[in-house]
Each structure stands twice: as C-alpha cells, then as structure tokens.
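Numbering of the sequence shown is given in the working numbering, commencing with residue 64 and proceeding in unit increments.
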Amino acid sequence: MPTQSERLAVATTLPLKLALQWQRRVAETLHKWWEVQAPPPHALASNPIAAAWDYWTDSVERQVLFWDTLRQRGDNFLEHEKAGKPPLLHFDYELVLDARTFARPVNYALARIVPPAGVAVDERKRPYVIIDPRAGHGPGIGGFKDDSEVGMALREGHPVYFCVFFPQPMPGQRLEDVTLAEADFLREVIRRHPESPKPALVGNCQGGWAAMLVAAHAPELVGAMVMAGAPVSYWAGSDGKNPMRYAGGMLGGAWSALLAADLGGGLFDGAYLVDNFENLDPANTLVKKNHHLYDQIDTEPPRYLDFERWWGGYFLMNEEEIRWIVENLFVGNNLTEGQAIGRNEIYDLRKIRAPMVVFASLGDNITPPQQAINWVLDLYPDTDSLKASGQVIVGLAHKTTGHLGIFVSAKIARREHAQIVELLQVIETLSPGLYQLDIHDETAPDGTVRHVAELTERSVEELRGLQREQRRDELPFAAVEALSKLGVSVYTTLVRPWIAPFVTEDMAKLGRAFHPLRVQHWGWSSLNPLAKLNQHAADYVRQLRTPRDPEWRQWERYLVGQNAAALDVYRDVRDANTELAFFNLYGPAAVSGIGNDLIPDYLERQRQTTSPWNDAELLASLPHGDLLDGVLRIAVLVQRGLPSINVERRQAAYEWIAQHPALQRVSMDEVNARFQRQSLLAWRFPAEARKTLPGLFPDEAALKQAFATITEMVRSLPAAKEALANLALLQTEVLGTFEPITAAAIAEEAEVEAAFKPAAAAAQPAAPAKATATKPRAARTPAAKAPAAKATTATAKPAAGKRAPAKEPVTKTRAGQAKQQADVAPKAKPAAARSGNGSKPATSRARTSNPNAKE
C-alpha cells in the first residue's frame, strides 16, 4: 500500500509524466506515418488514353461485382438468421448432449465432430473438447477450415468434440450454469472414452477463461488445456499498445452494459462487442478489408462470404451473464484474484491441476500477451511456488498475427496448432515449471519444410519484464472497479426503474434489427431493389469479363494505402488521447485512495511469500521409493541440464520407456504423478537425489539394468550426445564406474557425427576432431547446422542464467569429459553390447541421426 508521501510524490509528477508520454506517442505516430510514405507510382504507359480506358472499364466491372458480392453477403445473413444460426463448422457433426434439457437449462450443446473421409480416429487417444468464444459471434471459429484446431487434432487420430451454443439464451440462464453444463459435457466424453487419457480442453479467446472456470470447478475432469488468445488478466497490457483495457473505465464501468441489456428487454446484443472490435482498427474496417475484396474481386468472394457469414451472426446474452463477465473480468479482474463467485463456490485457478499451453501473439491488440500469461505471475509469485504446485505451463508467442489469425489462419493451424497437438501427447511428462515453446523450420534436401518444436524452461520472475512500471500502471483499475460499483448502484436504483419496464419484447427486437451492423447486411440484400438491379448487371459482367491488372491500378492501390495510413494516424492519436484521459481521470482517484481496498495482492509492494514446501519432509523422502521411482529418477537426472527439450524426441523417449515392466503395472496417471514427484526432488536436491538413487533399487544388478534400459532409450534417439554425456557422468557418480554399454553408445554417436561431417571439415581432420569433443552439435551438415546453433545459443543462454539455482547445465567440458571416458573404455565389450542387446545396427542409427535423411 503506498504511503502518504509516495501518494503526494505521484500526484505531483503524474500530470507531467502523462503529458510527456502523450507527446512521445504522438511523435511516434507521426514518425510511423512518415516512414510508410512512398512516392507516387510513375506513369509508364506508352499510350495514356488506352491505359485510362482499360482501367476505367476494369474499375466499372469490379464495382458491379463488388456490390453484388455485398448483396450475396446480405442474402447469406438473412438465410443464416432464418435457419436459426447453426454452427458454422467446416466438418459434419452430431449432437451428443443438449443442455437446453438439463435441470438448469442453458443454450449449449455438445457435438462430436464426424471425421472426414480418409481420416481415422483412435478411440483410445486423448479426446479434444473445444470451446469457442461467446463474444458476439456464433460457434465455429475453431473448426472454420480443414486446416484448423479441429482438423489438426483429427489428423493425429484424436476424437474431437465441440461445445456449440444457440443464438438465444435460456430464461434465467447464468454463466455459472454454463460452467456446470460444460462439466457435464466432460463427464460424458470421459464415459465414452474409458481407455483414453482425460480430455484436452481447448478454449479460444473468451472460451479460454470459460475453460478455466470448468477446470477450477472440476479439476479431476481435465487432462490438459490449451488457451488460445484467451484474456485472463484483464488489467494487464502495455501502455500505448492495448487500448481495449481502458474500455471499462472510459465507459464508466459496468452500468453501461446493464443499460444495453435493459434496452434489449433483458438481453445483451453481441453486436455491441463486435462493434467495439471493428472500432479498434478503422483502417481495416473502412478501407483495407473492402478494398482487398474490390482488388481481388475475381478470386476473393468465396473466402470473403464464408468469413462474413460467421462475422455477421450476432448472438445474445442474458443480463445476468454480461453483468458477471463485466464485473468479474472486464472491470473487476476477479478471476486471478480468487474472488470470482459462482453458484455456491469461488473459482480458484490454483485448483487447476491440468498442464496447459498458453498461445498468444505479439500482434494481438485484443488479447495481448500480458493478458494471456500474467495470470501465472498473479497466482505464483516465483518459480518455487509454481513448481511446488505441480503445475506445468507452456507459453507460445507468435510474432505478428492478429487476434483472429490465431484461430482462422490455415498457416498457423499447420504450424503452431499442429505442434500443440503433438506437445499435448507428452506434456504430462514434463517437470513442473514454466516453459517456452519455440517452433523453427528445417528444410530437407528435397525442399520440404518440417516444423520442429523445442521447449526451454523459464523462470516465473521473467514475466515481470513483459510490462513496464512494474505493473504499477494497473493501480488505477482498482479505482475503476470502485467507481463502477457506485455507478451500478446509482443506475439500478435511479435509472433502471424508468427504462426496463417500458421496453417491450417487440421494441427490443426492433432495436436490434436496426443496429448499424445489421442494417449494413440486410440493407443491401435482395430486399433492396437497387441491389437486385445490380445483380442482373453482375451476371452480364461475369459472362464477358476478362480478369486483368491494368497499369493504372497501381495509382488506385497507392491512394488506398494513403487513406489507410491516415486512418492509422487517427487511430493512434485517438488511442493516445484515450489513454491520457483514462490516467488523468482515474490516476488521481487512485492516488487519493479510491479503490485501495480493491488492490489485488499481486500488486502489493511487500507481497508476503512463504516457502511452498517442507524441505525437511522432501529430504527425508529421497531414499524411499521402489523400482519405478528409481527408473523415473534416472530419466529426470539425465534430462537435467539439457539446453532444450525436443518435443518429437521427447515423445519417442516416452513411448520407449513406457514399455518398461515397472511402468506396465501402474496407470499412466500414477506414472505422471510419480514423475512430477521425482522431478521436484531432483530440482530441489540434485546432489542428494544422486546419492540416494541406489537405495530405490533392490540390488546393484537392478540398478545396472535400469541404467542399461535408459541407455538403450537415449541411444535410439537422434542427436542424443548431450543426454548420453549426462548419463555417463551419472553412472560414474552412482556406480563408481563407466558402463561399457554407455561407452558404446557415445562412441557410436561420435561415429555417426564423423560419417556426416561436411566435406570442407573433412579436409582438415585435426580441427573437426577437436570440435567433436567439445561441441557436440557443431559437426552437423550445413542444412541442419543453423537451426541447431540457433536453438542452442538462443535458448540456452537465458535458461542457464534464469533457471533455478540448483540447475547443472551440461557444459562443453562435461560432454568432452564423457567423450574422453568413452575413448579409454574397452572396445571389446562395447562391440558385444552393440551387437547383442537388440538395438538398431550402426547403419540404421546413422540414417536416423542424419539430419538430411528426415522423413
């Protein structure tokens, strides 16, 4: 809590800081506008008159077709309304449960996606349950195309279910009832797949926090989670980049949403939310989107009409639902504070046990990365707290795509979402902690591009760097919440009695029909005689038109670009003024103490943290366990110190070690729980975990057999030299000797590297030999060298500097030490081990280790 002197200092300097920040933002806006300026195109036509005539005829044809496409959009809008706005999924589906028939009915249903022809689904694989956002539009964005979240999961053989919803909410429906219904959906999915892992729950945008409510309400029903573009920490954001977070304060709090619901006869119109979205980028709404259709009128209409059918389908909410959302999320930010109240319960996100993937984008101005990931810092102030909770959180950030691109982009589906599906197959085998998922591309000799996913462990403390001012700029939002409560009280007491009783159902329907977003659809449809007349002209143009690109079209594109740039200047200056007004209004209110009792714990300067575990208890438990615990501890100790985790190799290792007899006798849930326990012990007490390892085995023979099993598993993976070095040193420390089978594996890996060294390196035998001993990943072919170097240098540096203090990274010295020990090991025994242990022959290993021989 700020002291009186600190408040006085802030009050004195606040106006100057705000003025300087506004001046800086305006200057940056004008600088960006100047940078995008380009000289007008030069007229190169040898015959200007012919060029002008060609452009004029082409322009008239495109205008006729453009307006006819808008007519088709209006007709699609009316047809979709008449059909009841069914889910716009690319895939066929069948309804499994209809929540409109539940004891507490809601306008939701569970649908199972029918696999398309040629796609086989394995009923024993983890089922996926996708929740789309109910933020003005209808369901379907998660399965809008063949290349989508639904499509990627189906291609991997997973059963896929979809939570669909209907346009009209049920009478008296509340958001807590929706959460209960979605939990029942998960129970039905689990009942249908008794041999599968628990379902993966995927939440898109505002479906993300809906998924978190379900996972907090019934954590035992969720096996894994994916949060795609999902805002959870609504107060978070970056000053000057995320104007949406000021909307609650600039609208005066929650009372404006109640007014909109009263004018709708108790129903909140989703068109208001869509309108807010479109106002964020006026250049795209008014110029870019329309001109793109006009410019590509010969090919663009099908894609445009498909998207507009979904974009123009506006759904409704009950007043109770929108009020809960605004007060607990948009304005109150109560979900991360543990103060969001449902039916007879408080939603506590710390109850969530399922590992989760958080997917955000730096180019998303609806859900910036801070709103998507800062809840981790809100719940777990440091890395120790996160690890003690046993939680696994993986962050993935795209560099440029916008909010909708996260869900509808086919390119992102094939790259990011496909890798997320692969990651979820092994996410439960990760040690508790925070990870960063990096995806890079590798090009094979035949030109095919392969996406490779790697995980790097990060610290929770690093998240503090995502936002400036140490998040002190979030304090005025507590004043917004306090004043919002006052505004709601005044509105419900003095204003609502004079509005709500006089709004009839017919008046509400009429008001919704004449919302500007709906008018632009039905206003230019076949109901309009002018649009019908233009349709005949368009039919004639399509018969005679020859698609072309006249030379003067470059002037058109230039002028459109200038208009869009001018609108971007308007948008940036508008947002700067909004931010300035917000802090001028609520900054002094916060300084004066308004809302101080609503400041969350995570914003307190002296946040009290206690040790999340009992070190004495953990230390005492180190020598206790059985053969399964011992095998898992060896695997944990071997992977410690690796700069990153390759997801594909992790999956192969998991499938290999799952065949161990000790793992066959227990369920995978127990295996994962024990793995997390051993990961915690090894992270907290690495030296003691090594010393007490023999005590987990009945005798030395069982210990050696376990090492042999892990060695076989590691050597079956490509590019496993660093893991083999870790394993060799662990064996030396625990057994006091270097096992021949491990020496054979290291020597074999060295032979593989030598066989595939570049010709240039082979010309200088002395230098490559030294590089092989010190830099295991440096002796790859040129095609694989760049990605490997990038993954090692870019990710190992922050990991080594910011991971837990108990971290013992594998250094070049350790790898070289293991290589030297392998060189002096007897050669007869390794050869026998290589030929008689049932592993792959050297030639096969060479093929799998060759980065140029990937499938």
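Backbone N, C-alpha and C fix where the C-beta goes; we use that ideal spot for every residue, glycine too.
What's the C-alpha gap between residue i and residue j?
i      : j      : result
Arg897 : Lys767 : The predicted model places Arg897 with a pLDDT of 35, which falls under 50 and marks its position as unreliable; any figure quoted below should be read in that light. Arg897 and Lys767: Cα-Cα distance of roughly 16 Å.
Ala600 : Arg608 : 12 Å
Lys188 : Gln126 : 51 Å
Leu83  : Val566 : 47 Å
Val710 : Glu485 : 8 Å
Lys754 : Leu744 : 12 Å
Arg737 : Asn353 : 57 Å
Glu537 : Val350 : 34 Å
Gly650 : Gln583 : 39 Å
Lys572 : Gly333 : 13 Å
Thr76  : Gln434 : 28 Å
Leu919 : Ile502 : One cannot answer for residue 919 here, as it falls past the ends of the chain, which runs 64 to 918.
Val489 : Ala716 : 10 Å
Ala576 : Leu379 : 13 Å
Val99  : Lys208 : 34 Å
Ala594 : Pro365 : 19 Å
Leu759 : Leu793 : 15 Å
Leu238 : Arg386 : 10 Å
Val797 : Pro495 : 25 Å
Leu343 : Asp509 : 44 Å
Pro78  : Leu549 : 26 Å
Kindly indicate which three-state DSSP category residue i falls into: helix, strand or coil?
i      : result
Ala82  : helix
His503 : strand
Leu173 : strand
Glu408 : coil
Thr76  : helix
Ile360 : coil
Ile657 : coil
Asn789 : helix
Asn342 : helix
Thr519 : strand
Gly201 : coil
Val484 : helix
Glu775 : helix
Leu705 : coil
Ile662 : coil
Val471 : helix
Ser730 : coil
Leu497 : strand
Any heavy atom of the ligand GDP closer than 7 Å to the CB of residue i?
i      : result
Leu264 : With respect to small molecules bound, the structure shown includes none, and the ligand GDP cannot be examined in it.
Have a look at the options and flag the residue whose alpha-carbon is nearest the alpha-carbon of residue i.
i      : options                           : result
Glu544 : Ala473, Ile562, Gly688 and Glu390 : Glu390
Ile562 : Leu326, Arg87 and Gln482          : Leu326
Arg634 : Ile112, Ser301, Val252 and Thr348 : Thr348
Ser259 : Pro190, Gln583, Ala183 and Ile176 : Pro190
Lys964 : Asp427, Gln454 and Arg696         : Lying before the first or after the last residue shown, residue 964 is absent from the chain, which here runs from 64 to 918.
Val457 : Met419, Glu212 and His578         : Met419
Leu336 : Ala310, Gln359, Val558 and Ala346 : Ala310
Glu184 : Tyr156, Arg218, Tyr171 and Asn407 : Here residue 184 turns out to be Val, not Glu, going by the sequence shown. Considering only alpha carbons, the answer is Arg218.
Glu371 : Ile253, Trp119, Val471 and Leu93  : Val471
Gly147 : Leu133, Glu157, Asn170 and Asp131 : Asn170
Please state whether the Cβ-Cβ distance between residue i and residue j is less than 8 Å.
i      : j      : result
Leu726 : Ala786 : no
Cys268 : Ala198 : yes
Leu141 : Trp615 : no
Trp438 : Thr399 : yes
Ile697 : Phe748 : no
Leu160 : Phe229 : no
Gly376 : His153 : no
Leu368 : Ile436 : no
Glu212 : His480 : yes
Asp195 : Gly203 : yes
Val56  : Phe422 : This structure gives no information on residue 56, because the portion of the chain shown stretches from 64 to 918.
Pro539 : Phe646 : yes
Gly137 : Ser742 : no
Ala180 : Ala172 : no
Asp411 : Ser296 : no
Quick one: complete beta strand (DSSP E) runs, 3+ long, within the stretch 286–311?
-> 287–291
In the stretch 233–289, which residue ranges form an unbroken beta strand (DSSP E) of at least 3 residues, counting only runs that do not cross its ends?
-> Listed in chain order, they are 263–267.
Taking the runs of the alpha helix (DSSP H) that are 4 residues or longer, which of them lie wholly in the stretch 584–654?
-> 592–607 and 616–654
Runs of beta strand (DSSP E) lying entirely within the stretch 375–419, each at least 3 residues, in chain order = If only complete runs of 3 or more residues are kept, the stretch 375–419 shows the beta strand (DSSP E) at 379–381, in order along the chain.
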